[in-house]
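For reference, the structure discussed in these notes is given below.
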Amino acid sequence: MPAQPLVVVLDHGADDLSALAEALTGAGARVVVTAEKRVALAADGLVIAGRARAADVMPALRSIGADQVVDRRLAGGRAVLAVGVGMHVMFSEVVQDDTATEGLGEWAGVVDAVGAPAGPAEVEVPVGSALFAGLEDARFHVALEHAARTFPLLDDWPADTRLVVPLVTWSRGDERFVVAVENGPLVGLQVHPESSGEPGAQVLARWVSSLPATAPDLPE
């Protein structure tokens with residue numbers, strides 16, 4: 051049996067993350083829900099997720115040093131999966147209820163209210179997507195009525211570069227918003243795969259299968 055990668059779901063205290071942890075276990079990962087920096091740094095994959103307000107989540111993330119953990123992991127090319135509000139705080143700013151919250155700034159841009167209600171969303175899958183290929187007709191659950199409507203990093207992307215261009219999956223409908231970003235080791239999901247049935251399970255399984263299984267066993 052292949053070794054299972056260790057995935058840490060970061061426990062920031064503002065959400066119940068048990069359903070996502072269970073879905074990641076079903077996708078083939080060894081899953082630990084913890085706020086311990088040492089474990090988060092050592093894991094094969096780190097997940098930052100939730101459905102709470104960014105104004106509640108960001109102070110919690112900073113208090114447990116998650117900003118430092120994310121920076122160190124990405125600098126080393128090590129996987130981070132950001133789901134829901136976890137994706138929101140990867141942008142420069144999140145605006146909710148007339149309150150602007152400074153994000154981690156891994157991506158330029160603003161997350162704010164969109165006209166689309168929470169619920170199922172259809173997606174426009176970019177060519178080359180590792181996570182959404184073949185799922186063009188699927189519907190994914192969106193829990194939050196705030197999203198990024200632009201992805202400025204692509205606007206300034208240099209033509210002459212060896213860097214891999216980020217792949218952005220968009221929603222279909224009258225008002226487009228960013229559904230997912232595949233940007234090297236940093237992957238963001240506006241949708242909640244744990245609430246999206248078989249398509250969501252496939253997305254998680256693909257992400258888990260991309261991870262190395264090199265993290266040591268945790269002490270009992």
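The opening residue of the sequence shown carries number 51 in the numbering used here; numbering runs sequentially from there.
Beta carbons: idealized from backbone N, C-alpha and C, even for Gly.
Bear in mind that the values here come from a model prediction, so they are computed numbers and not experimental data.
Opening and closing residue of the alpha helix (DSSP H) in which residue i lies
i	result
residue 252	247-259
residue 226	First-last for residue 226: undefined, no H or E at that position.
residue 76	68-76
residue 124	116-125
residue 203	202-205
residue 91	87-92
Counterpart residues of residue i in DSSP-defined beta bridges
i	result
residue 98	132
residue 146	149
residue 157	141
residue 82	58
Residue i - DSSP class collapsed to helix/strand/coil
i	result
residue 219	strand
residue 170	strand
residue 212	coil
residue 270	Residue confidence is low: residue 270 scores 47 on pLDDT, short of 50, so the model does not pin down where it sits. Its coordinate-derived value is still stated next. Coil, per DSSP.
residue 192	strand
residue 105	helix
residue 198	strand
residue 64	coil
residue 163	strand
Buried versus exposed, by CB contacts within 10 Å (16 or more), residue i
i	result
residue 80	buried
residue 220	buried
residue 225	exposed
residue 149	exposed
residue 270	Reliability fails at residue 270, whose pLDDT of 47 lies under 50, so the model's placement of it is uncertain and no value is given.
residue 186	exposed
residue 65	buried
residue 299	The chain is shown from 51 up to 270; residue 299 falls before or after that span and cannot be answered.
residue 72	exposed
residue 257	buried
residue 246	buried
residue 213	exposed
residue 177	exposed
residue 58	buried
residue 128	buried
residue 250	buried
Sub-8 Å separation of residue i and residue j beta-carbons
i	j	result
residue 239	residue 140	no
residue 165	residue 192	no
residue 263	residue 121	no
residue 253	residue 171	no
residue 74	residue 236	no
residue 56	residue 97	no
residue 133	residue 144	no
residue 100	residue 62	yes
residue 207	residue 215	yes
residue 119	residue 90	yes
residue 260	residue 197	no
residue 104	residue 184	no
Within-8 Å CB hit, residue i to chain E
i	result
residue 107	This model lacks chain E altogether, as it is built from one protein chain only.
Residue range of the beta strand (DSSP E) that includes residue i
i	result
residue 241	Per DSSP, residue 241 belongs to no beta strand (DSSP E) and is neither H nor E.
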